[in-house]
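Below you'll find the structure, written out as structure tokens, and then a few comments.
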Amino acid sequence: MSFALTTALEQNAERALPKPIGIATTSILEHIRHGCFQRSLCLIVSATSVASGLEVGYEHYKGSYSNPIMYTPVLLSGALAGSSLLGVFSRWGAQVLLRCVSAATLADGVIGFFFHVRGVARKPGGWSLPVTNIVMGPPIFAPLLFGTSAYLGWMASYLRREEELHSVGAKVQEITSTLPGSSDWRRDLRHGRFQKHLSAITILWAFFSGFEALYSHYKSNFRYKAQWTPVLLTPLLMAAAAGAIKSPRIANTALPAVSALALADGAAGFYYHARGIAKRPGGLKKPLYNILYGPPIFAPLLFAACGFLGLLASLLRREREK
Amino acid sequence: MSMLNHHGHRLGSMQTLPAPMRKYADRETVDYCIVGAGSAGGVLAQRLARAGFRIVALEAGPFWDTEKDWVSDERGSHELYWNDLRITGGKDPLALGANNSGKGVGGGSVHWAAFAPRFHPSDFRVYSEDSVGADWPISYWDLKPYYELLEQEIPVAGPAWFPWGDPHGYPYGPHPLGGVGDVLVRGCAKLGLRSVAGGPVAILSASHGDRPHCIYRGFCIQGCKVGAKASTLITHVPDAIDHGAEIRALSMAARISLHDDGRVDGVLYIDRDGNEHFQRARAVIVSGYAIETPRLLLNSACSGHRHGLANSSGTLGQYLMAQAGNVVAGRFDELIRLYKAPPAHALSEEFYETDKRRDFARGFAIQTVGPLPAAFAKQMMNAMGAWGWGLRRVMMDMNHWATIGVLGEILPWEDNRVELAEEKDQYGLRVAKVTFNLHDNDKKLIEFGKKRVMEVMWAAGAEQVVQESRYAHLVGAARMGSDPATSVVDKFGRTHDIPNLFVCDGSILPTQGSANPGLTIQALAARTADYLIKQGDAIFFSNRRDQCEPGIRYDLSPPYTNFKGNPRVA
Amino acid sequence: MKQKSYPLRPTGGEIRDLAQPGYYSGFSTLAQKKKWDETTRQVVTERVEKVPPLRFFSSGEAELLTAIVSRVIPQDDRAADRMIPVHPAIDERLFKNELNGFRYEDMPPDREAYRLGLKAIDEMAQKRFHEPFVSLTVHRQELILKSLHDGKPDPAHRIWQRMPVHRFWTLLAEDCVTAYYSHPWAWDEIGFGGPAYPRGYMRLENGLPEPWEVDEQRYDWNAPVDSLSELDEQGAPPEQVLPQAHGSSS
């Protein structure tokens with residue numbers, strides 16, 4: 019049951035796709051299902067941390083680095099990008115370095131969250147003007163959202179490497195892990211058994227990202243109808259992910275469907291935001307300023323990342339019953 | 042010495058006045074008596090107090106409590122300006138008061154729009170390069186480190202790369218654009234002119250110590266209740282008080298007293314109840330700005346100085362300058378809502394320098410302006426001749442209009458001057474008479490400038506464009522120079538005639554460029570302070586005139602100066 | 425005798441008794457006063473609720489000034505209880521002798537300038553129409569004032585040889601617009617957001633309204649047919665020697 023989606027996908031891929039691609043697809047799905055995609059995830063983490071490093075870099079530039087602590091997420095993004103890139107090639111890099119850097123980055127996100135809450139409180143009127151000050155203050159959930167790639171990195175550090183899929187040792191481990199009393203979240207992660215876990219994370223991240231979309235689109239008065247889409251998709255995605263925790267069926271049906279929508283919406287949003295930047299006064303003649311103060315170019319990608327998390331969750335195996 | 046408690050006195054939305062403030066008795070001799078606690082006076086008091094001098098700053102206006110005294114309202118902000126009588130005349134008389142003169146602690150920096158560009162290197166060599174105006178006794182490079190330091194202290198928000206003059210970047214990030222800035226940037230881009238967005242302005246684009254981020258309410262020139270816009274009231278005066286300076290508000294300086302030895306020994310002033318006092322001081326710095334400074338020196342005439350203190354050259358009061366401030370208004374089909382965002386937030390200096398192809402020397406800047414309803418109504422009256430139903434109609438359309446200003450350099454001319462009128466003010470002091478005439482170069486520059494800005498407005502898509510002639514800023518009238526025969530003060534602001542009398546404010550500027558003078562005035566004040574500190578007691582006891590550069594002190598800045606702001610590109 | 429004249433809808437019909445002229449129906453700055461700071465709330469509320477008593481002008485002068493002011497900044501379209509007090513603001517300024525920081529060398533002090541100006545206007549009315557200014561029709565009042573606005577007093581009057589007519593006009597008109605456009609009801613009319621502290625603005629670009637502002641709802645209207653104060657069709661600035669205004673610094 020828990021493989022319903024992947025099995026169906028695999029069968030379809032074998033039948034419908036040209037042979038080499040079909041084989042590749044089934045192989046990818048198998049790697050995901052068994053948690054053997056550490057290198058690939060490291061590569062993805064590396065890319066996303068470059069993106070989030072750029073974003074926090076320019077957002078904090080707007081905030082003038084008026085507190086030196088504002089440099090930490092920029093530096094940690096660099097470290098995260100570096101360590102996850104190392105993790106692609108080195109098992110130690112992935113399992114030790116990446117894990118430490120990811121944990122530090124996650125902690126930094128939580129600290130940043132407190133600073134952003136404080137920043138809103140310190141604006142004239144403070145929390146008595148919640149709407150104005152959340153919209154105009156430091157983006158309140160951005161530091162937590164910034165943790166997305168750190169979280170993925172942390173997860174990647176527990177996965178198995180691609181080449182371990184059919185290794186003997188792995189098989190033994192797989193079997194011993196089924197023995198009573200050996201249930202352990204780390205082992206579940208290693209074997210791709212963390213669907214519920216990832217679904218829960220998807221709920222959180224969808225909330226953070228959707229809230230950002232809500233207030234920043236509210237700030238521009240929902241001038242375009244499309245600005246409603248991430249706001250409307252967010253509760254759907256959260257509901258689907260919540261359902262996926264309860265029901266394997268939803269994890270295999272609604273979750274991937276809504277996640278795919280979110281992914282597509284994020285991609286469309288990226289296009290619209292890029293177009294919005296180009297249409298600003300001065301357009302591409304003032305690229306830096308317009309990226310700074312135009313529609314935030316990376317924000318739709320972060321929303322798309324929620325979709326990615328949801329999709330990934332739907333392709334995983336469920337945790338073992340305790 | 043007594044202590045005065047200022048508990049709960051607010052400076053901006055978060056900061057409070059340090060309590061208690063040191064208070065000197067009149068009979069106590071202080072080291073420096075500074076007349077005027079404005080842009081220059083605030084910085085001087087802060088620096089000198091940090092260096093351990095005993096400082097009293099006399100301020101004619103009140104010590105503002107920003108929460109109780111200031112309002113988020115155009116008409117209610119009348120008290121921020123120097124509203125006492127002055128006579129204005131000449132062929133092109135200047136409007137004074139709200140336009141250019143502040144009163145109260147913080148002075149003009151309380152109601153400036155806070156554009157804070159630097160002067161260009163060429164501004165210091167106008168005579169050498171263009172055979173008009175005057176050269177400064179210092180160069181841009183003498184002032185550059187002070188520009189950088191003050192940009193960090195107050196601090197200035199702006200682009201990472203400012204391409205004109207000596208190119209540089211700003212410590213705080215640029216602000217978002219409002220509707221008017223959008224128009225300026227769009228119009229300039231269409232015409233292939235470079236522009237910068239979101240600065241340089243001395244308005245916080247991020248919180249800074251106990252001052253919050255700008256809230257984009259557009260009431261900059263009504264006094265920033267938020268505390269985001271820099272004024273010496275909130276940037277330097279609190280630190281001055283922390284280090285033992287006394288800011289004595291509601292004290293109108295009447296006369297500077299000259300001792301038999303040819304040195305000044307104090308300032309006669311009048312308190313809020315009309316009582317006369319005499320503050321003894323070992324040296325006096327006049328920082329009253331371009332009208333009150335020459336007025337005080339002229340009113341201090343005595344035997345040996347019949348035509349005013351420090352006026353042996355006869356140039357005291359002369360070479361007064363205002364900048365051309367023509368406002369070009371354009372009506373757009375779409376809504377602009379020009380009252381949002383700080384009035385100052387985008388500019389272009391493409392026409393700043395002399396261009397040999399034009400028939401005049403020097404140039405102008407293009408800047409956003411953001412009048413509130415009453416000011417905008419007056420602009421429409423002047424620009425369109427609107428009145429009655431016509432005025433009602435155009436005002437109903439206010440949200441469709443955008444306004445961009447010319448800021449044009451007017452050269453220093455001998456016949457533009459401050460003198461004393463026969464009339465007297467409420468203190469019984471003769472009031473200033475200001476005479477202002479445009480000369481040929483100025484007229485050509487203004488004509489050219491307003492045409493260019495109108496083109497920008499058309500290029501941005503305006504369907505109707507009108508303009509109003511006006512002026513902004515006041516500088517000059519006690520200019521600095523190397524030659525005592527043609528200037529009032531030397532390159533450190535020391536009067537040529539009296540060794541312990543200094544002038545430090547906008548009035549010492551020999552020329553003015555097309556940059557708003559606020560930052561330059563503060564940079565000059567910091568430099569003069571460094572000089573005075575380096576000279577130490579020699580100022581008080583010696584008549585020797587040391588002309589060596591003091592070297593910049595980085596340890597005298599107010600708190601929150603270091604480890605703040607974006608890394609500078611240049 | 426007609427003391428009021430009303431703007432017209434293009435389809436016909438007078439525009440009168442409006443609680444709120446302008447294109448922002450439903451917008452009220454005063455409704456936001458809970459969001460203002462205490463000092464500002466006091467100042468602005470007092471402006472609306474406490475109209476200062478007449479203390480500088482005599483009742484005759486005040487009546488004349490009211491007639492003049494009603495043409496310089498006409499409010500005939502406003503309902504009687506929504507008229508913005510303009511002449512009391514001028515009276516208060518002169519009573520307190522509040523200056524704007526300067527006086528032109530060719531001008532008498534403001535108090536004297538007003539007294540002279542009022543006298544000249546009334547005598548011009550007598551000379552040209554053989555009636556006091558206050559009794560003239562709106563059109564005739566505008567004829568006199570337009571001649572001052574244009575800098576060519578008709579009929580000529582000796583006072584204008586002593587006091588430059590364009591400076592007096594600017595003094596008068598600036599005081600009128602300052603009083604009118606400092607009033608919250610005028611802010612509602614033109615869609616200005618009013619006081620903005622501690623709550624500032626979120627939507628800076630593209631003319632977007634704040635959540636508590638109202639979007640523009642334009643309609644056409646024509647100035648009264650007998651009015652001389654409508655803008656030129658082109659809106660071209662007339663070539664006149666006006667001094668620059670007082671107002672904002674930059």
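So the sequences go chain by chain: A, B and C.
Just so it is clear: in the first sequence, position 21 is 39 by the numbering used here, and no numbers are missing.
Just so it is clear: in the second sequence, position 488 is 529 by the numbering used here, and no numbers are missing.
Just so it is clear: in the third sequence, position 17 is 441 by the numbering used here, and no numbers are missing.
Ideal Cβ placement from N, Cα and C applies to all residues, glycine included.
Margin query: For a contact defined as C-beta to C-beta under 8 Å, what are the partners of residue 237 of chain A on chain B?
Written below: On the first sequence, residue 237 of chain A is found 219 positions in, with the first residue counted as 1. Per Cβ cutoff of 8 Å: no residues; residue 237 of chain A is ~10 Å from chain B at best.
Checklist line | Residues near residue 231 of chain B by beta carbon distance below 6 Å, same chain, minus five either side | finding: For the purposes of this step, residue 231 of chain B is taken as the residue at position 190 of the second sequence. Take residue 231 of chain B, set aside five residues on each side of it, and the residues of its chain with a beta-carbon closer than 6 Å to its own are 500, in chain order.
Next item on the list: Pick helix, strand or coil for residue 182 of chain B, following the three-state DSSP scheme.
Entry: Within the second sequence, residue 182 of chain B is the residue found at index 141, counting from 1. The DSSP-derived three-state label of residue 182 of chain B is helix.
Notebook entry, point to check: Near residue 367 of chain B, which residues of its chain fall below 6 Å by C-beta distance, leaving aside the five closest residues on each side in sequence?
Noted result: In the second sequence, the residue the question calls residue 367 of chain B occupies position 326. Result list for residue 367 of chain B: 447, 491, 508 and 510, in chain order.
Check: Hey, would you say residue 653 of chain C sits closer than 8 Å to residue 430 of chain B, going by beta carbons?
Finding: If you number the third sequence from 1, residue 653 of chain C lands on position 229. If you number the second sequence from 1, residue 430 of chain B lands on position 389. The criterion of a C-beta distance shorter than 8 Å is satisfied by residue 653 of chain C and residue 430 of chain B.
Next item on the list: Name, please, each residue of chain C whose Cβ falls closer than 8 Å to the Cβ of residue 153 of chain A.
Entry: As a first step, residue 153 of chain A must be located in the first sequence, where it is residue number 135. Going along chain C in sequence order, the residues near residue 153 of chain A (Cβ under 8 Å) are 626.
Next item on the list: Within the same chain, show all residues whose beta-carbon is closer than 7 Å to that of residue 319 of chain A, passing over the 5 residues directly before and after it, in chain order.
Entry: On the first sequence, position 301 is the one that residue 319 of chain A refers to. Only 69, 284 and 288 meet the Cβ criterion.
Note to self: Less than 8 Å between the C-beta atoms of residue 495 of chain C and residue 601 of chain C, yes or no?
What the structure shows: The count along the third sequence starts at 1 and reaches residue 495 of chain C at position 71. The count along the third sequence starts at 1 and reaches residue 601 of chain C at position 177. Not a contact, by the Cβ cut-off of 8 Å.
Margin query: Using beta carbons (cut-off 8 Å, strictly below), is residue 300 of chain A in contact with chain B?
Written below: In the first sequence, residue 300 of chain A corresponds to position 282, counting from 1. Yes, contact with chain B.
Notebook entry, point to check: residue 520 of chain C: buried (16+ other C-beta within 10 angstroms of its C-beta) or exposed?
Noted result: Along the third sequence, read from residue 1 onward, the residue named residue 520 of chain C stands at position 96. Only exposed fits residue 520 of chain C, as fewer than 16 other CB atoms lie within 10 angstroms of its CB.
Notebook entry, point to check: What is the C-beta distance between residue 615 of chain C and residue 608 of chain C, in whole angstroms, given that I count them as a contact (C-beta under 8 Å)?
Noted result: Here residue 615 of chain C is taken as the residue at index 191 of the third sequence, counted from 1. Here residue 608 of chain C is taken as the residue at index 184 of the third sequence, counted from 1. With a Cβ gap of about 12 Å, residue 615 of chain C and residue 608 of chain C do not count as contacting.
Item checked: Alpha carbon of residue 270 of chain A to alpha carbon of residue 30 of chain A, nearest angstrom -> Counted from its first residue, the first sequence places residue 270 of chain A at position 252. Counted from its first residue, the first sequence places residue 30 of chain A at position 12. Spanning the two alpha carbons is a distance of roughly 15 Å.
Notebook entry, point to check: Within 10 angstroms of its Cβ, does residue 585 of chain C collect 16 or more other Cβ (buried), or is it exposed?
Noted result: Indexing the third sequence from 1 puts residue 585 of chain C at position 161. Residue burial is scored here from C-beta neighbours: residue 585 of chain C has fewer than 16 other C-beta atoms within 10 angstroms and is therefore classed as exposed.
Margin query: By the three-class DSSP mapping on this structure, what secondary structure does residue 665 of chain C have?
Written below: For the purposes of this step, residue 665 of chain C is taken as residue 241 along the third sequence, with counting starting at 1. With a pLDDT of 40 at residue 665 of chain C, under the threshold of 50, the modelled position of that residue is not reliable, and no figure is offered here.
Notebook entry, point to check: Could you give the distance in angstroms between the alpha-carbon of residue 621 of chain C and the alpha-carbon of residue 265 of chain B?
Noted result: The residue you call residue 621 of chain C lines up with position 197 of the third sequence. The residue you call residue 265 of chain B lines up with position 224 of the second sequence. Here the C-alpha atom of residue 621 of chain C lies approximately 10 Å from the C-alpha atom of residue 265 of chain B.
Check: Which of helix, strand or coil does DSSP assign to residue 476 of chain B?
Finding: Here residue 476 of chain B corresponds to residue number 435 of the second sequence, with the count starting at 1. Three-state result, residue 476 of chain B: strand.
Check: Given that a residue counts as buried once 16 or more other Cβ atoms are within 10 Å of its Cβ, and exposed if not, what is residue 246 of chain A?
Finding: Counted from its first residue, the first sequence places residue 246 of chain A at position 228. The residue in question, residue 246 of chain A, is exposed, as its Cβ has fewer than 16 Cβ neighbours within 10 Å.
Check: Whole beta strand (DSSP E) runs in the stretch 400 to 460 of chain B with 3 or more residues, listed along the chain?
Finding: Listed in chain order, they are 405 to 410 and 442 to 449.
Notebook entry, point to check: Using a C-beta to C-beta distance shorter than 7 Å, which residues of chain B count as neighbours of residue 467 of chain C?
Noted result: Stepping through the third sequence from its first residue, residue 467 of chain C is reached at position 43. What residue 467 of chain C touches in chain B: 112, 114 and 117.
Notebook entry, point to check: Straight-line CA distance for residue 290 of chain A to residue 309 of chain A?
Noted result: As a position in the first sequence, residue 290 of chain A is number 272, starting the count at 1. As a position in the first sequence, residue 309 of chain A is number 291, starting the count at 1. Using only the alpha carbons, I get a separation of about 13 Å.
Next item on the list: May I have the straight-line CA-CA distance separating residue 433 of chain B from residue 86 of chain B, to the nearest angstrom?
Entry: Here the question's residue 433 of chain B lines up with position 392 in the second sequence. Here the question's residue 86 of chain B lines up with position 45 in the second sequence. Between residue 433 of chain B and residue 86 of chain B, the C-alpha separation is close to 48 Å.
Notebook entry, point to check: So is residue 669 of chain C buried or exposed if we call it buried at 16+ other beta carbons inside 10 Å?
Noted result: Here residue 669 of chain C is taken as the residue at index 245 of the third sequence, counted from 1. Because residue 669 of chain C carries a pLDDT of 42, less than 50, the predicted location of this residue cannot be relied on, and no value is offered for it.
Next item on the list: Give a yes or no on whether the minimum CB-CB distance between residue 334 of chain B and chain C is below 8 Å.
Entry: Here residue 334 of chain B corresponds to residue number 293 of the second sequence, with the count starting at 1. Chain C contact via Cβ: absent.
Margin query: So, at 7 Å on beta carbons, what are the nonlocal neighbours of residue 469 of chain B in its own chain, with the 5 sequence-adjacent residues on each side left out?
Written below: Mapped onto the second sequence, residue 469 of chain B falls at position 428. No residues qualify anywhere along the chain.
Next item on the list: Could you check if residue 435 of chain C is buried or exposed, using at least 16 other CB atoms within 10 Å of its CB as the buried criterion?
Entry: Start at 1 with the first residue of the third sequence, and residue 435 of chain C comes out as number 11. By the neighbour-count rule (16 or more Cβ atoms within 10 Å), residue 435 of chain C is not buried but exposed.
Checklist line | Cβ-based neighbour list, residue 428 of chain C, same chain, cut-off 6 Å, excluding 5 preceding and 5 following | finding: As a first step, residue 428 of chain C is located in the third sequence; it is residue number 4 there, counting from the start. Once the five neighbours on either side are set aside, the close Cβ partners of residue 428 of chain C are 500.
Checklist line | Residue-level contact to chain C via CB, residue 142 of chain B, 8 Å cutoff | finding: Within the second sequence, the letter at position 101 stands for residue 142 of chain B. True, the Cβ-Cβ gap to chain C drops below 8 Å.
Margin query: Please list the terminal residues of the continuous beta strand (DSSP E) segment that includes residue 317 of chain B.
Written below: If you number the second sequence from 1, residue 317 of chain B lands on position 276. 317 to 327 is the span of the beta strand (DSSP E), which, as asked, contains residue 317 of chain B.
Notebook entry, point to check: Between the Cα of residue 25 of chain A and the Cα atoms of A/50, A/37 and A/217, which residue gives the shortest distance?
Noted result: As a working mapping, residue 25 of chain A is identified with position 7 in the first sequence. When each option's Cα is compared against that of residue 25 of chain A, the closest is A/50.
Next item on the list: Out of C/626, C/610 and C/644, state which residue places its alpha-carbon closest to the alpha-carbon of residue 255 of chain B.
Entry: By one-based count along the second sequence, residue 255 of chain B stands at place 214. Nearest to residue 255 of chain B by alpha-carbon distance, out of C/626, C/610 and C/644, is C/626.
Notebook entry, point to check: Does the beta carbon of residue 81 of chain A come closer than 8 Å to any beta carbon on chain B?
Noted result: As a first step, residue 81 of chain A must be located in the first sequence, where it is residue number 63. Closer than 8 Å to some Cβ of chain B, the Cβ of residue 81 of chain A qualifies, so yes.
Checklist line | Beta-carbon contacts of residue 518 of chain C that lie in its chain and below 8 Å, excluding the five residues immediately before and after | finding: The residue you call residue 518 of chain C lines up with position 94 of the third sequence. Short of 8 Å from the beta carbon of residue 518 of chain C, and not among the five residues preceding or following it, lie these beta carbons of its own chain, in chain order: 480, 481, 534, 535 and 538.
Note to self: For residue 62 of chain B, report the span of its beta strand (DSSP E) as first-last.
What the structure shows: Here residue 62 of chain B corresponds to residue number 21 of the second sequence, with the count starting at 1. The continuous beta strand (DSSP E) containing residue 62 of chain B extends over residues 62 to 64.
Margin query: Measuring CB atoms only, is the stretch 124 to 142 of chain A touching the stretch 291 to 304 of chain A, in the sense that at least three cross pairs come out at less than 8 Å?
Written below: Of all C-beta pairs linking the stretch 124 to 142 of chain A to the stretch 291 to 304 of chain A, fewer than three are shorter than 8 Å, placing the two stretches out of contact.
Notebook entry, point to check: Straight-line CA distance for residue 165 of chain B to residue 106 of chain A?
Noted result: Taking the first residue of the second sequence as position 1, residue 165 of chain B is located at position 124. Taking the first residue of the first sequence as position 1, residue 106 of chain A is located at position 88. If you take the alpha carbons of residue 165 of chain B and residue 106 of chain A, they lie about 59 Å apart.
Margin query: Quick check: the stretch 587 to 602 of chain B against the stretch 105 to 123 of chain B, are at least 3 beta-carbon pairs closer than 8 Å?
Written below: Three or more beta-carbon pairs separated by less than 8 Å are not found between the stretch 105 to 123 of chain B and the stretch 587 to 602 of chain B, which leaves the two stretches without contact.
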